[in-house]
Amino acid sequence: MSGDASPLRMLEQSLGRKEVAPLYLFYGEEDFLVDEAVHAVIEKCLDESARSFDLDRMHGRESDANGVLSRISTYPMMAPRRVVVVREVDKLANIEQLLPAAENPRTSNSLVMTASRPDFRLKFFRAVKEKGLVLEFRRLYENEISEWARKRIRALGKEPTSEACQLIQSYVGRSLREVNNELEKVVLYVGDRATIGADDVNNVVGFSRQYNIFELQKAVGQQNIGRSIEILENMLRRGESPVWMIVMLTRYLMKLWLLQEFLGKKIPQTQLPERLGVTPFAVRDYLSAVGKFSSDELRGCFSALIEADETLKSSSMDQRLVMTMLVCKLTAAG
Numbered sequence: 345m346s347g348d349a350s351p352l353r354m355l356e357q358s359l360g361r362k363e364v365a366p367l368y369l370f371y372g373e374e375d376f377l378v379d380e381a382v383h384a385v386i387e388k389c390l391d392e393s394a395r396s397f398d399l400d401r402m403h404g405r406e407s408d409a410n411g412v413l414s415r416i417s418t419y420p421m422m423a424p425r426r427v428v429v430v431r432e433v434d435k436l437a438n439i440e441q442l443l444p445a446a447e448n449p450r451t452s453n454s455l456v457m458t459a460s461r462p463d464f465r466l467k468f469f470r471a472v473k474e475k476g477l478v479l480e481f482r483r484l485y486e487n488e489i490s491e492w493a494r495k496r497i498r499a500l501g502k503e504p505t506s507e508a509c510q511l512i513q514s515y516v517g518r519s520l521r522e523v524n525n526e527l528e529k530v531v532l533y534v535g536d537r538a539t540i541g542a543d544d545v546n547n548v549v550g551f552s553r554q555y556n557i558f559e560l561q562k563a564v565g566q567q568n569i570g571r572s573i574e575i576l577e578n579m580l581r582r583g584e585s586p587v588w589m590i591v592m593l594t595r596y597l598m599k600l601w602l603l604q605e606f607l608g609k610k611i612p613q614t615q616l617p618e619r620l621g622v623t624p625f626a627v628r629d630y631l632s633a634v635g636k637f638s639s640d641e642l643r644g645c646f647s648a649l650i651e652a653d654e655t656l657k658s659s660s661m662d663q664r665l666v667m668t669m670l671v672c673k674l675t676a677a678g
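Under the working numbering, the first residue of the sequence shown is numbered 345, with each subsequent residue one higher.
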């Protein structure tokens, strides 16, 4: 079930035409869409009843080329096609030994592979590209999440308002797996009702528009200690995880660090959204914040984040105190 027009949609259209390839390679940063692609191939090729006989699941870190060759050379038993799934095939030992299977794939079988960063200099991956279907699933930019959410909700049988989709994007962020998890909760929440509105998203996701991690990031970036403490207090009262907050603050400050580097290298401003993985609108907020920190001050922020994370995980110190001290250090850095 797709919420994405491409490349997952391309795969679904191909499978809909009964064009099942002997080789598939799905790779990229958006692991949720990679998983969706793998699932789509399995759904097309095998009924549930046949999967215990004609579906093999393997992992590159735990297997070797001989094991994969053995399974991909086996004829199907209960279905017209056998499917062998190999996760992280780029971590497979002796991967070049799979070259014969890629150059002359068995037409009754499908080898479905995922990878983080396949090396297309290797003969094996070049052969897969020639004989099979290779699709890259990049992370969507922030300005694409709302539209993806809209299509996903429609695929789940509901009609969302534009504000509902925008709220999901602003509350959850860029992880499609997390977005999808929240969308499924909202769909369950509305029951038989056909539409999903902003109130539904607010009620289920449980964030406050004024007091969420993105507002905390912005307040820290602007060195606004009062606003930062206010947001922190509200988030802690709602039961937000301090460790998760540290992760998100670290990501934000890492983008400021990268932005400093890009500005130092005189990267054109038009390239900054793609380099940072944010919308052009969001770049303005980062540009407003980046001048408030020197490189040394950002290093100090990262040290403070590490110290707070270790304290939360290894001591009995009050979490509210740990986080308040952290926010004070971050907002005093500039």
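Idealized CB from N, CA, C, for every residue including glycine.
Out of V364, A381, R361 and Y368, point me to the one whose CA is closest to S350's CA.
Residue A381 is the option with its Cα nearest to S350.
Could you pull out every residue in the same chain whose Cβ sits closer than 7 Å to the Cβ of G644, ignoring the five residues on either side in sequence?
Same-chain partners within the cutoff: A677.
Consult DSSP for A423 and reduce its assignment to one of helix, strand or coil.
Coil at A423, not helix or strand.
Exposed unless 16 or more other CB atoms sit within 10 angstroms - verdict on R361:
Exposed, because fewer than 16 other Cβ atoms sit within 10 Å of the Cβ of R361.
Buried or exposed for M422, going by 16 or more other Cβ atoms inside 10 Å?
Per the 10 Å Cβ criterion, exposed.
Per DSSP, what kind of secondary structure is N556 in: helix, strand or coil?
Annotated three-state conformation of N556 is coil, per DSSP.
If you reduce the DSSP assignment to three classes, tell me which class N524 lands in.
Here N524 sits in helix by DSSP.
Neighbourhood of M345 by C-beta, 6 Å cutoff - its chain only, sequence neighbours within 5 removed
Unreliable positioning characterises M345 in this predicted model, as indicated by a pLDDT of 49, which lies under 50. A coordinate reading is not provided.
Looking at L616: is its Cβ nearer than 8 Å to the Cβ of V472?
No, Cβ-Cβ distance for L616 and V472 is not below 8 Å.
Could you tell me how far apart the beta carbons of R431 and G404 are, in whole angstroms, since I believe they sit closer than 8 Å?
Approximately 6 Å separates the beta-carbon atoms of R431 and G404; this is inside 8 Å, confirming the contact.
Would you mind sorting F397 into buried or exposed? The rule is 16 or more other CB atoms within 10 Å of its CB.
Flag for F397 reads exposed.
Alpha-carbon spacing of S414 relative to T594, whole angstroms
The straight-line gap from Cα to Cα measures roughly 45 Å.
List, from N- to C-terminal side, the alpha helix (DSSP H) runs of 4 residues or more that fit wholly inside the segment 405-458.
Listed in chain order, they are 409-416 and 443-447.
Less than 8 Å between C-beta atoms, sequence neighbours within five positions excluded: which residues of the same chain meet that for Q566?
Contacts found: S632, A633 and K636.
Among M354, D463 and E507, which residue has its Cα nearest to the Cα of E491?
Comparing Cα-Cα distances from E491 to each of M354, D463 and E507, the minimum goes to E507.
Length of the line joining the Cα atoms of V671 and R518
Approximately 24 Å between the Cα atoms of the pair.
contact_flag[the segment 649-666, the segment 590-609] where n(CB pairs < 8 Å) is 3 or more
Because the criterion of three Cβ pairs below 8 Å is met, the segment 649-666 and the segment 590-609 touch.
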